[in-house]
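A.B. asks:
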Amino acid sequence: MSGRTLSRIPRSWILLACIGLLALNLRGPFVAVAPVVGPMQAELAFSPVVLGLLTSIPVLCFSLASPLASLAARRFGAEFAVTLTILGVLAGVVVRSAGGPALVVAGTVVIGLAITVGNIAVPLIIRRDFPPRRQGTAMGIYTAALNIGSFLTSVAMAPLAGWAGWRAALASVALLAVAAIVAWTLAVGPRTAFLAAAAVEEPGEAGLPAVAGTGWITFGLTAGFGGQAFSYYGVTAWLPSYLHDELGMNAAEAGAASSIFQILAIVGGLGVPFAAKYMSTTAVAVTLGVLWTAVPAGLLLAPQLWWLWSTCGGIAQGGGITIIFIAIIRLARSQASAGRMSATVQGLGYCLAAVAPPLVGLVHDVSESWTPALLVILASVLTFFVSTTLSVRRVPRGR
Numbered sequence: 199m200s201g202r203t204l205s206r207i208p209r210s211w212i213l214l215a216c217i218g219l220l221a222l223n224l225r226g227p228f229v230a231v232a233p234v235v236g237p238m239q240a241e242l243a244f245s246p247v248v249l250g251l252l253t254s255i256p257v258l259c260f261s262l263a264s265p266l267a268s269l270a271a272r273r274f275g276a277e278f279a280v281t282l283t284i285l286g287v288l289a290g291v292v293v294r295s296a297g298g299p300a301l302v303v304a305g306t307v308v309i310g311l312a313i314t315v316g317n318i319a320v321p322l323i324i325r326r327d328f329p330p331r332r333q334g335t336a337m338g339i340y341t342a343a344l345n346i347g348s349f350l351t352s353v354a355m356a357p358l359a360g361w362a363g364w365r366a367a368l369a370s371v372a373l374l375a376v377a378a379i380v381a382w383t384l385a386v387g388p389r390t391a392f393l394a395a396a397a398v399e400e401p402g403e404a405g406l407p408a409v410a411g412t413g414w415i416t417f418g419l420t421a422g423f424g425g426q427a428f429s430y431y432g433v434t435a436w437l438p439s440y441l442h443d444e445l446g447m448n449a450a451e452a453g454a455a456s457s458i459f460q461i462l463a464i465v466g467g468l469g470v471p472f473a474a475k476y477m478s479t480t481a482v483a484v485t486l487g488v489l490w491t492a493v494p495a496g497l498l499l500a501p502q503l504w505w506l507w508s509t510c511g512g513i514a515q516g517g518g519i520t521i522i523f524i525a526i527i528r529l530a531r532s533q534a535s536a537g538r539m540s541a542t543v544q545g546l547g548y549c550l551a552a553v554a555p556p557l558v559g560l561v562h563d564v565s566e567s568w569t570p571a572l573l574v575i576l577a578s579v580l581t582f583f584v585s586t587t588l589s590v591r592r593v594p595r596g597r
């Protein structure tokens with residue numbers, strides 16, 4: 199596409215397309231490991247603990263590195279932070295695919311750190327560059343694309359590994375990063391993309407609290423995000439095993455069934471901004487909380503309707519992260535406060551997410567039953583339900 203053609207397209211549409219393409223790179227690279235753990239273990243002799251770390255390291259980075267990512271976005275500018283994200287993902291994918299055990303782990307760490315920067319930078323760009331009436335739509339497209347990237351990567355990895363080997367399959371993720379860096383450079387220009395520029399302080403920004411209100415809103419959104427993230431990673435990790443144990447599904451059937459939980463997140467991500475135009479944010483949060491609660495409660499009471507509970511949960515998990523990010527960008531008083539608030543919410547929330555798979559698995563192993571494990575997930579879902587509903591009451595309705 200020529201520069202003249204690009205100039206005829208509104209900048210917001212170009213930016214929106216770039217955000218969607220970028221989001222495809224923010225979950226897929228670490229989700230890609232799960233379908234190829236078998237051949238990786240056979241070649242590299244990884245222990246089960248190390249294999250588990252390959253999927254948990256990025257989540258730990260999301261938690262531990264969020265404050266530094268917020269600082270980077272402020273110090274170098276959001277555009278350069280996005281460039282760092284894409285180049286970091288590209289470098290990490292190449293390193294992870296190229297060598298032995300040490301390089302696989304090192305590449306995974308690089309991927310996790312790079313994605314952490316993107317987690318902070320993208321909502322800041324949406325807040326700054328989109329009018330309030332379109333911020334919800336932009337955030338919905340962003341979160342929907344996160345799940346599309348996860349789904350496409352999960353579906354493609356096993357066939358690619360069977361055809362070309364696990365290294366080539368993991369390396370193929372780099373194609374999305376190459377496409378993203380090309381699009382980003384064309385959209386913002388080489389100078390803006392590759393030269394750091396400190397974020398401009400907004401008038402009257404100094405000394406303002408993070409949110410237009412009291413600190414309890416940040417606390418509430420953090421608790422809500424933590425409950426959402428814990429529930430998502432707990433269900434993602436153990437739903438296939440539950441379906442195998444309780445309903446006798448084989449591995450392929452359980453994997454296909456649990457993919458409903460992933461792909462329906464697109465409906466939630468895109469549906470929440472639309473619903474928020476006609477409903478209060480409190481009503482949207484209550485609806486999402488009810489849908490989320492249906493997952494553990496439904497699996498406890500009527501496991502044969504797993505497809506219904508997976509559908510409810512998929513919509514809820516896609517919509518849950520969307521409404522929390524919408525609340526952050528609309529309630530924060532400035533770009534700097536939005537960055538700090540986002541770092542707090544994601545840093546502490548992803549800390550809970552990182553412990554979800556091992557904790558749910560431990561409860562199941564100790565009790566030798568799925569009931570206590572589902573009760574743990576129910577408690578985290580209720581935390582999301584109550585905390586998010588109370589925290590978003592002051593978010594203005596989209597127009």
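Residue numbering for the sequence shown follows my numbering, starting at 199 and increasing by one per position. Beta carbons are placed, not taken as given, at the ideal position from N, Cα and C, and that holds for glycine. Since the structure is predicted, the reported quantities are computational estimates derived from the model, not experimental observations.
Taking Ile-575 as the reference, give the member of Ala-435, Thr-479, Gly-516 with the closest Cα.
C.D. replies: Looking at the Cα atoms, Ala-435 is the closest of the given residues.
A.B. asks: Between which two residues does the alpha helix (DSSP H) holding Met-447 run?
C.D. replies: Counting along the chain, Met-447 falls outside any alpha helix (DSSP H), and DSSP gives it neither H nor E.
A.B. asks: Run through the stretch 468-534 for me and flag every whole alpha helix (DSSP H) of 4 or more residues, listed as ranges in chain order.
C.D. replies: You should have 479-499, 504-529.
A.B. asks: Within its chain, find whatever has a CB closer than 8 angstroms to the CB of Ser-200; leave out the 5 residues flanking it on each side and keep chain order.
C.D. replies: Bear in mind that a pLDDT of 45 at Ser-200, under 50, signals an unreliable position, so the number given afterwards is only what the model happens to contain. Closer than 8 angstroms at Cβ, skipping near neighbours: no residue.
A.B. asks: Whose C-alpha, out of Ile-415, Val-235, Arg-332, is nearest the C-alpha of Arg-531?
C.D. replies: Comparing Cα-Cα distances from Arg-531 to each of Ile-415, Val-235, Arg-332, the minimum goes to Ile-415.
A.B. asks: Would you list, in sequence order, the uninterrupted alpha helix (DSSP H) runs of no fewer than 4 residues that lie entirely inside the stretch 253-341?
C.D. replies: Correct list: 264-274, 276-296, 299-327.
A.B. asks: Tell me which same chain residues have a C-beta within less than 8 angstroms of the C-beta of Ala-454, skipping the five on either side of it?
C.D. replies: Cβ neighbours of Ala-454 beyond the five flanking positions: none.
A.B. asks: I need the DSSP call for Glu-566, collapsed to helix, strand or coil.
C.D. replies: The answer is coil: DSSP assigns Glu-566 none of H, G, I, E or B.
A.B. asks: Whole-angstrom Cβ separation of Leu-350 and Gly-226, contact assumed at under 8 angstroms?
C.D. replies: Their Cβ separation, rounded to whole angstroms, is 7 angstroms, which keeps Leu-350 and Gly-226 in contact under 8 angstroms.
A.B. asks: Closest to Arg-332 by C-alpha separation, out of Ala-395, Ala-359, Leu-213, would be which residue?
C.D. replies: When each option's Cα is compared against that of Arg-332, the closest is Leu-213.
A.B. asks: Does the ligand NAP have a heavy atom nearer than 8 angstroms to the CB of Gly-298?
C.D. replies: Summarising the ligand content, the structure contains no ligands, and the ligand NAP is consequently not present.
A.B. asks: Can you list, in chain order, the residues of its chain with a C-beta nearer than 7 angstroms to that of Gly-545? Leave out the 5 residues immediately preceding and following it.
C.D. replies: So the list reads Ser-261, Ser-264, Pro-265, once near-sequence residues are dropped.
A.B. asks: Among Asn-223, Ile-526, Ala-534, Gly-432, which has the Cα closest to the Cα of Cys-549?
C.D. replies: For the residues Asn-223, Ile-526, Ala-534, Gly-432, the minimum Cα distance to Cys-549 belongs to Gly-432.
A.B. asks: When you compare only the Cα positions, how much space is there between Ala-571 and Tyr-430?
C.D. replies: Using only the alpha carbons, I get a separation of about 14 angstroms.
A.B. asks: Beta-carbon within less than 6 angstroms of Ala-215's beta-carbon, same chain only, minus the 5 sequence neighbours each way: which residues are those?
C.D. replies: Contacts found: none.
A.B. asks: When you compare each of Gly-310, Val-488, Ser-370, Ala-342 to Phe-228 by their alpha carbons, which one comes out closest?
C.D. replies: The shortest C-alpha separation from Phe-228 is found at Gly-310.
A.B. asks: Would you mind working out which of Gly-517, Gln-502, Gly-516, Val-493 sits nearest Ser-508, comparing C-alpha positions?
C.D. replies: It is Val-493 whose Cα lies nearest to the Cα of Ser-508.
A.B. asks: Taking the alpha-carbon of Gly-424 as reference, which of Arg-389, Ile-527, Val-371, Leu-580 has the nearest alpha-carbon?
C.D. replies: Looking at the Cα atoms, Leu-580 is the closest of the given residues.
A.B. asks: Specify, as a first and last residue, the run of the alpha helix (DSSP H) that Leu-393 falls within.
C.D. replies: No alpha helix (DSSP H) contains Leu-393, which DSSP labels as neither H nor E.
A.B. asks: Report, in whole angstroms, the separation of the C-beta atoms of Ala-452 and Pro-438, which I expect to be a contact under 8 angstroms.
C.D. replies: With a Cβ gap of about 4 angstroms, Ala-452 and Pro-438 count as contacting.
A.B. asks: Spatial neighbours of Ala-267 within its chain, please: C-beta separation below 6 angstroms, excluding the five flanking residues on both sides.
C.D. replies: Cβ within range, chain order: Thr-314, Val-315, Ile-318.
A.B. asks: Closest to Val-320 by CA distance: which of Met-447, Thr-569, Thr-586, Ile-527 is it?
C.D. replies: Ranking the options by Cα distance to Val-320, first place goes to Ile-527.
A.B. asks: Can you give the Cα-Cα distance for Phe-583 and Ile-513, rounded to whole angstroms?
C.D. replies: The alpha-carbon atoms of Phe-583 and Ile-513 are separated by roughly 14 angstroms.
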